[in-house]
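Data first, discussion second: the structure below is written as structure tokens.
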Amino acid sequence: MGTKINKEWFDELSSGAPTPGGGGASALAGAAGASLGMMVSNLTVGKKKYAAVEPEIKEYLAALEKLRDDMLELIEKDAEVFAPLAAAYSLPSSTPEEKAEKEKVMASVLKSACQVPLEIMGKGYEILKIVKELALKGSVMAVSDAGVASQFARTAVLGASMNVFINTKTMKDRELAEEYNAKAEKLNLDSSMLADEIFASVEEGLKCR
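In this note's numbering, the protein residues as written are 43 to 251.
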């Protein structure tokens with residue numbers, strides 16, 4: 043199901059070790075957002091007041107469980123793709139042959155290093171779309187948790203985008219780099235707008251204005 047998150051993991055995150063880093067932390071935020079969405083779902087299922095929407099809520103619960111587990115797997119994947127990237131930067135480049143080989147390896151590992159955070163971003167956005175529905179249809183007793191979930195999911199998306207941009211910055215294939223940048227920028231925009239919408243709706247309801 044993915045890495046076990048405990049104090050040791052946070053000790054590693056806070057150390058000078060290269061992994062885990064911002065990408066793994068972003069995926070962890072996504073897992074937290076999905077888990078909170080599951081909490082809202084579980085507090086809704088079985089309640090007579092929400093019987094009409096229970097089939098939908100159960101679907102959201104199953105989808106969020108999968109997304110949570112995916113995010114936990116991506117914590118490990120993010121660390122895994124960094125190792126070959128770090129090694130590639132250390133390859134020799136004294137001769138034309140070495141430079142050509144290094145560029146070839148760098149192109150491959152940079153592509154992989156972009157794909158993982160883009161996957162985190164895409165799954166974070168999927169979590170947000172479900173959380174929006176839960177904020178509207180889920181138990182009012184847990185609506186604040188839906189608001190918190192939206193912010194964790196937003197963090198997953200925007201945080202992971204930093205890993206995309208730092209890697210596309212050094213890509214020689216500028217066409218591919220701009221393709222990745224465009225995907226990340228759109229996910230950032232769409233996710234921020236959706237997270238703001240959810241948070242504003244929840245906040246308004248909580249303040250009873």
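Heads up, the beta-carbon is just placed ideally off N, CA and C, and yes, glycines get one too.
- Assigned secondary structure, Lys-153 (DSSP; H/G/I helix, E/B strand, else coil): Within the sequence shown, numbered from 1, the residue matching residue 153 stands at position 111. DSSP places Lys-153 in helix when its eight states are reduced to three.
- Item | Bounding residues of the alpha helix (DSSP H) (the contiguous stretch that carries Thr-210) | Here residue 210 refers to the residue found at position 168 of the sequence shown. That run of the alpha helix (DSSP H) goes 185 to 210.
- Span separating the alpha-carbon of Asp-111 from that of Ala-73: Within the sequence shown, numbered from 1, the residue matching residue 111 stands at position 69. Within the sequence shown, numbered from 1, the residue matching residue 73 stands at position 31. One C-alpha to the other measures close to 7 Å.
- Message: Please state the DSSP three-state secondary structure of Lys-214.
- Response: The residue you call residue 214 lines up with position 172 of the sequence shown. If DSSP states are grouped into helix, strand and coil, Lys-214 belongs with coil.
- Query: Rounded to a whole number of angstroms, what is the C-alpha to C-alpha distance between Ala-149 and Val-206?
  - Reply: Counting from 1 along the sequence shown, the entry for residue 149 is found at position 107. Counting from 1 along the sequence shown, the entry for residue 206 is found at position 164. Looking at the two C-alpha atoms, the distance is approximately 14 Å.
- Query: Whose C-beta lies closer than 7 Å to the C-beta of Asp-232 among residues of the same chain, with five residues either side of it excluded?
  - Reply: Numbered from 1 along the sequence shown, position 190 holds the residue referred to as residue 232. These residues qualify, in order along the chain: Tyr-167.
- Message: Between Ser-243, Val-190, Ala-125 and Ala-226, which has its C-alpha nearest Ala-202's C-alpha?
- Response: Against the sequence shown, residue 202 aligns to sequence position 160. Of the candidates Ser-243, Val-190, Ala-125 and Ala-226, the one whose C-alpha sits nearest the C-alpha of Ala-202 is Ala-226.
- Message: Do Ala-76 and Val-123 have their beta-carbon atoms positioned less than 7 Å apart in this structure?
- Response: Mapped onto the sequence shown, residue 123 falls at position 81. Mapped onto the sequence shown, residue 76 falls at position 34. Against a cut-off of 7 Å, the Cβ pair of Ala-76 and Val-123 comes out as no contact.
- Message: Measuring only the C-alpha atoms, how far is Asn-84 from Ile-117?
- Response: Reading the sequence shown from its first residue, position 42 is the one you call residue 84. Reading the sequence shown from its first residue, position 75 is the one you call residue 117. Straight-line Cα distance between these residues: approximately 25 Å.
- Phe-52 burial status per 10 Å Cβ neighbour count (16 or more: buried): Counting from 1 along the sequence shown, the entry for residue 52 is found at position 10. It counts as exposed.
- Supposed close pair Pro-62, Glu-54 - CB separation, criterion 8 Å: Residue 62 sits at position 20 when you count from the first residue of the sequence shown. Residue 54 sits at position 12 when you count from the first residue of the sequence shown. So it is a contact: roughly 6 Å between Cβ atoms.
- Find the nearest neighbour of Lys-249 within the set Ile-208, Ser-186 and Lys-146, judged by alpha-carbon distance. Locating residue 249 in the sequence shown gives position 207, counting from the first residue. The residue with the shortest Cα to Cα distance from Lys-249 is Ser-186.
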